[in-house]
Amino acid sequence: MTFEINGKTFSTHPRAGQCLRTFLRELGHFGVKKGCDAGDCGACTVLLDGEPVHSCLIPAFRADGHAITTIEGFAGITGTHPLQQAFLDAQGFQCGFCTAGMILTCASLNQAQRQDLDAALKGNICRCTGYRSIQDALDGKINIEDATAGTAFGRSLPAPAGPLIVRGAAPYTFDTTIDGLLHIKLLRSPHAHARIVAIDKTDALKAAGVHAVLTHEDAPDCLFSTARHERDWMDPDDTRVLDTTVRFIGQKVAAVVADSEAAAENACRLIKVAYEILPAVFDPTESIAAGAPAIHPDKTTAHRVANAARNIVAEKHGEFGDVTRGFAEAAVTYEGTFTTQRVQHAALETHGGLAWLDASGVLNVRSSTQVPFLTRRALASLFELPTDKVRVFCERVGGGFGGKQEMLVEDILALAALRTGRPVKLELTREEQFAATSTRHPMRVTVKAGADKDGNLTALQLDVLSNTGAYGNHAGPVLFHAVSECISVYNCPNKKVDAIACYTNTLPAGAFRGYGLPQTLIAVEAAIDELAKQLGISPFDMRRRNVVRPGDPMLAPPGSEYHDVTYGSYGLDQCLDLVERAMSAETPTPQLSADWLVGDGIALTMIDTVPPAGHLADCRIRLCDDGHFELTVGTAEFGNGTSTVHRQIAATALATSVDRIRLRQSDTAHGGHDTGAYGSAGIFVAGSATQAAAENLAADLKALACRLAGGDPAACVLEADHAVCGRQRLPYIELARSARGSGQVLQASGTSEGTPRSVAFNVQGFRVAVNKGTGALKILRSVQAADAGRVANPMQCRGQVEGGVAQSLGAALFEELVIDGGGRVINPSFRDYHLPSFADVPRTDVYFADTSDSVGPMGAKSMSESPYNPVAAALGNAIADATGIRFTDVPFKPDRLFPELLKKFG
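Below is the structure:
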């Protein structure tokens, strides 16, 4: 067969049944990504005779005699196509995993299609951006700016990886070739709860190409948690690499290591497993009831499981004041029960990795992870290896959203590499990602609130039941976070919390953007609105009367042992004002029939900028011989923008430009430690370490310059890549040359321990129209104001807000991972799950409060999780304002709205 790829013609024969995507990747065209292998996401888009196609759907042999263009050949010999440059100018990407496919699709659009992007881009999914910056690229907008030496912080500078991303050259986890690579496939449990009586792997071991079949007999027999935190005591030890008991459909039972994925998959079918079926429980209310089957009967408080006999992983109970008295004193009260669903992270790059032993016996793991250093620590412990004999690193990560704050594949990779001595690969399918990784915690939240006649809260009570699934990864921390800032943001003399996280025989929940707050905010913010409505007070004024202000204690019962949260800056009042002004401004309104009911809604959120109990980051920076700087950080880049901001911080502190900062990151072999890119800590904690390191090096540069030129270091300043001492200007390259000549290394380090912590604020506003005859919903206006301190990169921060709103709208409107009555996920694909596409996402107007944080690096604070948090709550309030009906079950799908609308309006 003859193929023409990027203008080059050659003859070869693809494997029988091979799709065009895998064929192209095996030829080294790594810009062709795997996102779904079902034609749903567009990450694998290529041009076939100039037309965009999803290469995962095209049999490779059908491309015989046709011209194929991948992103690598899109620009020809010119280097950068005008559309690629447009994506760079607009910064139309975040993690970048979808970008190659998006660019190739956009390149094929004619003028008519460009006028209808809702339809034209329906086959290309972006999980990160919210699509606005992609439209900006097509409209030719320039969102980036330049910065002179020393002025980088606070400017909209482009991502350093941008040129590689738009050319498909930025390496992600699997964008490499390794000789002798073996492939892993997992046999998974068909039962929700069962004991493994026997495993017969005889036939599987005889199958062609099979090198090993690994079961619980081959794995370490020790308990751990897949959740990764700096402090291991935050999560229960309830998980094994391979267990003798399976507790949800999809749990891994065995791993086959073979020459190819096909051989490994075939061998999985040959493994014979005898199961003893155990009683299962799927409903959280039934799970904690007397007589329910115990899912982890052998666990105790020593394993950090609160009450295994009742399936309670973690619980929190406490009261400040007297809520009974507070309700008795209230002029108005509201009580309601709200439910939130399972939501999948749906990062376009699935979980997976590569592992191998190098010549010195070091176990290397290249993984799609947010937490390389914590994963190394866990692997060293599990396999009883010295820490220096384990290296974990990541290249660019294709989305995270909390889902990769877990160790879900690295343990199997390590086991297979250590057992076979060969390099191994495990890449989860999209179906596995849905059915066997983790989700957001579904919760049932009952709120009761009371206020006096003037609108001052008198009592606030929460009762929460969180379903953590079969394992307790993140169960306690998510629960405790869920019942914290949602009520500590309000002054109220009487507060009470009762909260439980319980096991069920369903796939585990885990860390997810917002970490529990979005689920409880829906209830709390609804209660605030309902009280305001009864009192005839505007929702804005009701919140102004009750929110905390600097000097007020931020309290949530039963209280915390950590007292390091401070008002580093306070912009909540500004955020409320900004949203109120924006919502009241005159804007074009579409013509709607009388069937459409229009309403406004708002919600606010406060979030601690760092998780409690410590979040650590080390940084190192040195002046190189060529006058550039090498900056080494541990935090990972997955669209969160940390690689951009770290360079901005360092360049500002050292009076240089970002193009003179070379960044190394997310590799345990670089030394130091970094807790990880989660909990909104990538800039707030790791950025503080970068600032400390850069400022320490700046002091060393001044000291050396003064020794060379004479003078007082206190009078020396850094200016435009020079040290200025009196009348002498010494360029950095001269300082580097002088230091080298005297045997000195101009290098400095910085550390941040994540304390004290600050708080960030967001306010979301919506105007919606609800069709009373069908339940259809239109978003007419979306506004969010954020207190991000001094905004490090306005363009990038706006993108985080827009992406957070878009992702949260998906969860509020239609995303739902559905589990049937037997515990099986029934919609494990993008097509059946419904991720937000271009047509689903309104444009959000973003405003920033004018504050500067006294704790965060250069006045900045976190803004990656918090934009997500108030969205569903604000949408629920807008729907209630429009319809007069309080809907309490999320997502707000038309078929759920319609029955109540029919009752009220006929």
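Residues 62 to 967 (my numbering) make up the sequence shown, in order. Just so you know, even glycine gets a beta-carbon here, dropped at the ideal spot from N, CA and C. Values in this document were obtained by computation on a predicted structure and should not be read as measured data.
Between which two residues does the alpha helix (DSSP H) containing H542 stretch?
Counting along the chain, the alpha helix (DSSP H) containing H542 begins and ends at 536-543.
By how many angstroms is the C-alpha of V820 removed from the C-alpha of S913?
Between S913 and V820, the C-alpha separation is close to 12 Å.
Nonlocal neighbours in the same chain, by C-beta distance under 6 Å from Y532, ignoring five residues either side
D299, T300, P569
Can you tell me whether L677 is buried or exposed, with buried defined as 16 or more other CB within 10 angstroms of its CB?
buried
Report the CB separation of L118 from G100 in whole angstroms; it is logged as a contact under 8 Å.
4 Å
W294, buried or exposed, once every other Cβ within 10 Å from all chains shown has been counted against 16
exposed
Inter-stretch contact (C-beta, 8 Å, three-pair minimum) for the segment 569-588 and the segment 876-888:
no
Pick from I66, K69, M62 that is closest to R76, judged by C-alpha positions:
M62
Counting pairs of Cβ atoms below 8 Å between the segment 700-707 and the segment 193-207, do you hit three or more?
no
Helix, strand or coil at R851 according to DSSP, with G and I counted as helix:
For R851, the secondary structure class from DSSP, reduced to helix, strand or coil, is coil.
Less than 7 Å between the beta carbons of A560 and V544, yes or no?
yes
Considering only C-alpha positions, which residue in the set P672, V426, A269, A255 is nearest to H357?
Ranking P672, V426, A269, A255 by Cα distance to H357 puts A255 first.
Please report the distance separating the alpha-carbon of R988 from that of S810.
Not covered by the structure: residue 988. The range shown for the chain is 62 to 967.
The segment 831-850 touching the segment 708-719, judged by at least three CB pairs closer than 8 Å:
Because the criterion of three Cβ pairs below 8 Å is not met, the segment 831-850 and the segment 708-719 do not touch.
The beta strand (DSSP E) spanning D197 covers which residue range?
Unbroken run through D197 is the alpha helix (DSSP H), 193-200; no beta strand (DSSP E).
Quick one: grab the DSSP three-state call for C329.
Helix, per DSSP.
Under 8 Å, with one C-beta from each stretch per pair, do the segment 945-962 and the segment 592-600 reach the 3-pair mark?
no
Along the chain, where does the alpha helix (DSSP H) containing G743 start, and where does it finish?
Judged by DSSP secondary structure, G743 falls within the alpha helix (DSSP H) whose first and last residues are 742-745.
Secondary structure at I613, three-state DSSP: helix, strand or coil?
It should be pointed out that residue 613 corresponds to Asp in this sequence rather than to Ile. Note: D613 maps to coil in three-state DSSP.
Any idea if F968 is buried or exposed, counting beta-carbon neighbours within 10 angstroms, 16 or more meaning buried?
In this structure the chain extends from 62 to 967, so residue 968 is not present and cannot be described.
Where does the unbroken alpha helix (DSSP H) through T287 begin, and where does it stop?
First-last for T287: undefined, no H or E at that position.
If G695 and F434 are in contact, beta carbons under 8 Å, what's the gap, nearest whole angstrom?
6 Å
Boundaries of the alpha helix (DSSP H) in which D559 is found, first to last residue:
That residue, D559, is in no alpha helix (DSSP H); its beta strand (DSSP E) goes 556-564.
Rounded distance between the beta-carbons of A319 and V374, thought under 8 Å:
About 37 Å separates the two Cβ atoms, so there is no contact after all.
For L639, which residues from the same chain have a beta carbon less than 6 Å from its beta carbon, with the 5 sequence-adjacent residues on both sides left out?
A846, Y908
Counting along the chain, where does the alpha helix (DSSP H) carrying V453 start and finish?
Where V453 is concerned, there is no enclosing alpha helix (DSSP H), although the beta strand (DSSP E) it sits in stretches over 451-454.
Are the beta-carbon atoms of A104 and L409 separated by less than 7 Å?
yes
Take C159 and list the residues in its own chain whose beta-carbon comes closer than 6 Å to its own, dropping the five residues that flank it on each side.
For C159, where only same-chain residues beyond five positions count, the Cβ hits under 6 Å are A104, C187, L409.
Determine the burial state of S988: buried for a count of at least 16 other Cβ atoms within 10 Å of its Cβ, exposed for fewer.
Nothing in the structure corresponds to residue 988, since the chain is present only between 62 and 967.
Would you mind sorting R725 into buried or exposed? The rule is 16 or more other CB atoms within 10 Å of its CB.
exposed
With a floor of 4 residues, list each alpha helix (DSSP H) that falls wholly inside the segment 108-160, ordered by position along the chain.
143-151
Can you tell me which of L616, G743, R505, Q580 puts its alpha carbon nearest to the alpha carbon of K557?
L616
Sufficient close CB pairs (3 or more, under 8 Å) joining the segment 67-82 to the segment 390-404
no
Nearest to E452 by alpha carbon, out of V307, R427, D472?
A small correction: the amino acid at residue 452 is Arg; Glu does not occupy that position in the sequence shown. It is R427 whose Cα lies nearest to the Cα of R452.
Could you check which residue in M603, A407, H535, C563 has the C-alpha nearest to that of C553?
M603
Can you tell me the Cα-Cα spacing of P672 and G740, whole angstroms?
6 Å
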